[in-house]
Amino acid sequence: MFDIGFWELVLISVVGLVVLGPERLPVAIRSVSRFVGAAKSMANNVKDELSHELKVQELQDNLRKAEQMGMEDLSPDLKASVDELKQAAQDVQRPYASKEDAPAPSDKKADE
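Residue numbers (the UniProt record's numbering): 1 to 112.
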């Protein structure tokens, strides 16, 4: 990501020590490291989400191809993709179905 060598780090450390002083430098380093960690985590989450969405899009494209060709003459790879897509759709719908079946909480308190 960044191409920072040893001498650049030494220079940044010396400038930080002069500007912030020895009391505030550790706090600033912790704050910067938390920010960098949060940014990396966010970048990884975005990358994972994009990867997941691309995979879902590919499976949907395969499903459309399968519907156009007819389900009888599917290749084994395409049939596996269709089955995987159907399973993913069921997994996504399952949590929403269980929320609809759950009774709504009542506003009245139970008798004590």
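Note that CB positions come from ideal geometry on N, CA and C, so glycine has one too.
Quiz item: Tell me which same chain residues have a C-beta within less than 6 Å of the C-beta of E112, skipping the five on either side of it?
Solution: Low confidence applies to E112: its pLDDT is 43, below 50, so where it sits in the model is not reliable, and the reading given next is rough at best. Nothing listed; no residue qualifies.
Quiz item: When the distance is taken between beta carbons, is L85 closer than 8 Å to L50?
Solution: no
Quiz item: Once you ignore the five residues that flank R24 on each side, which residues in its own chain have a CB closer than 6 Å to its CB?
Solution: none
Quiz item: Using a Cβ-Cβ cut-off of 8 Å (strictly less than) and excluding sequence neighbours within five positions of N62, which residues of its own chain qualify?
Solution: L78, S81, V82 and L85
Exercise. Would you grab the beta carbon distance between residue 113 and L20 for me? Rounded to a whole angstrom, and I think it's under 8 Å.
Key: Any answer about residue 113 is impossible in this case: the structure gives the chain only from 1 up to 112.
Practice problem: Go ahead and pull the three-state DSSP assignment for Q93. | Solution: helix
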